[in-house]
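What follows is a single structure, written as structure tokens, with notes after it.
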Amino acid sequence: GAGVSQSPSNKVTEKGKDVELRCDPISGHTALYWYRQRLGQGLEFLIYFQGNSAPDKSGLPSDRFSAERTGESVSTLTIQRTQQEDSAVYLCASSIQGAGYPYEQYFGPGTRLTVT
Amino acid sequence: LAKTTQPISMDSYEGQEVNITCSHNNIATNDYITWYQQFPSQGPRFIIQGYKTKVTNEVASLFIPADRKSSTLSLPRVSLSDTAVYYCLVASVSGGSYIPTFGRGTSLIVHP
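If you read the sequences in order, they're chains R and P.
Residues 55 to 170, numbered by my numbering, are exactly what the first sequence covers, in order.
Residues -16 to 95, numbered by my numbering, are exactly what the second sequence covers, in order.
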């Protein structure tokens, strides 16, 4: 079946502009995650959705970052007034939600964001 | 969240067995140990997960001692295509949420 898809695959934007990144999770996966990965670094957790609600937004680096999810499906990550330090690959992952058992996360290919 | 420590990099040669050890001294009772693999320009991919003792699948084995304060990912007979970054995660489901922490991982380079 189809995996996690993300769009766009690459985005170049000017400093100060807003960007929207999209994630389409695997159908039926109720858990959805956004991560940021800077060049040569590990993954930095941004936000987690359980269904359409976000019980953990602790990883969002500033109030310029926001995310929403609708219909327990597609999610968008919005970055307002982009800064050069926002340049990174933004990864989305989805998984089955289990009671007490951590199911594997399926990752999308990522969106490479470059802020000039 | 339990903190993990793993080597930054490792080198190996084709056909050798590679063992990557991860330390997690403050692992909690409900924590699971999970390993992911990431190739350049791709998202991470699940390799293996365990709670205690030994787990084996078609690509790797995971060894977890009785005290669970460390774990070892074993890759048998590596090939050049196993060159990747390997992440050790330790986390549990809490209140219905599972939010593991990815550190910097171990960069494995397999040489011909």
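Virtual Cβ for every residue (Gly too), placed ideally from N, Cα, C.
Given the structure is predicted, the values throughout are model-derived calculations rather than measurements.
Please list the partners that residue i has in chain P, where partner means a Cβ-to-Cβ separation under 7 angstroms.
{"i": "R/Leu145", "result": "Gly26"}
{"i": "R/Pro163", "result": "Gln25, Gly26"}
{"i": "R/Gln134", "result": "Per Cβ cutoff of 7 angstroms: no residues; R/Gln134 is ~24 angstroms from chain P at best."}
Tell me, please, whether the CB atom of residue i is closer than 8 angstroms to any CB atom in chain P?
{"i": "R/Glu122", "result": "no"}
{"i": "R/Glu126", "result": "no"}
{"i": "R/Gly70", "result": "no"}
{"i": "R/Gln104", "result": "yes"}
Note the first and the last residue of the continuous beta strand (DSSP E) segment covering residue i.
{"i": "P/Val38", "result": "36 to 39"}
{"i": "P/Gly33", "result": "28 to 33"}
{"i": "P/Ala74", "result": "67 to 74"}
{"i": "P/Ile92", "result": "89 to 94"}
{"i": "P/Leu63", "result": "No beta strand (DSSP E) holds P/Leu63; DSSP gives it neither H nor E."}
{"i": "P/Pro(-10)", "result": "Premise fails: P/Pro(-10) is in no beta strand (DSSP E) and is neither H nor E."}
{"i": "P/Gln21", "result": "15 to 21"}
{"i": "R/Val73", "result": "73 to 78"}
{"i": "P/Phe85", "result": "From DSSP, P/Phe85 is part of no beta strand (DSSP E); its letter is neither H nor E."}
Under 8 angstroms Cβ-Cβ, which residues of chain P neighbour residue i?
{"i": "R/Leu97", "result": "Pro27, Tyr70, Phe85"}
Could you work out which residues of chain P lie near residue i, taking near to mean beta carbons separated by less than 9 angstroms?
{"i": "R/Asp110", "result": "Ser80, Ile82"}
{"i": "R/Gln137", "result": "Chain P residues near R/Gln137: none, gap ~23 angstroms exceeds 9 angstroms."}
Hey, is residue i's beta-carbon within less than 8 angstroms of any beta-carbon in chain R?
{"i": "P/Val76", "result": "yes"}
{"i": "P/Gly88", "result": "yes"}
Quick one: which chain R residues come within Cβ less than 9 angstroms of residue i?
{"i": "P/Thr66", "result": "Within chain R, no residue comes near P/Thr66; the closest Cβ sits about 15 angstroms away, beyond 9 angstroms."}
For residue i, go through chain R and note every residue whose CB falls closer than 8 angstroms to its CB, in chain order.
{"i": "P/Thr17", "result": "Pro156, Glu158"}
Would you check if there are 3 or more beta carbon pairs closer than 8 angstroms linking the segment 114 to 130 of chain R to the segment 159 to 169 of chain R? no
Quick check: the segment 57 to 67 of chain P against the segment 5 to 17 of chain P, are there 3 or more CB pairs under 8 angstroms? no
Give a yes or no on contact between the segment 70 to 85 of chain R and the segment -6 to 8 of chain P, applying the rule of three or more CB pairs nearer than 8 angstroms. Short answer: they don't touch.
How about the segment 136 to 155 of chain R and the segment 58 to 77 of chain R: do they share at least three Cβ pairs that are nearer than 8 angstroms? Using a C-beta cut-off of 8 angstroms, the segment 136 to 155 of chain R makes contact with the segment 58 to 77 of chain R, since at least three inter-stretch Cβ pairs fall below that distance.
Report yes or no: do three or more beta-carbon pairs, one from the segment 106 to 121 of chain R and one from the segment 130 to 137 of chain R, lie closer than 8 angstroms? yes
Pairs of beta-carbons, one from the segment 88 to 95 of chain P and one from the segment -7 to 1 of chain P, closer than 8 angstroms: are there three or more? yes
Below 8 angstroms, how does it come out for the segment 109 to 118 of chain R and the segment 35 to 54 of chain P: are there three or more Cβ pairs, yes or no? no
Quick test of the definition: if touching needs 3 or more C-beta pairs under 8 angstroms, does the segment 75 to 82 of chain P touch the segment 21 to 37 of chain P? no
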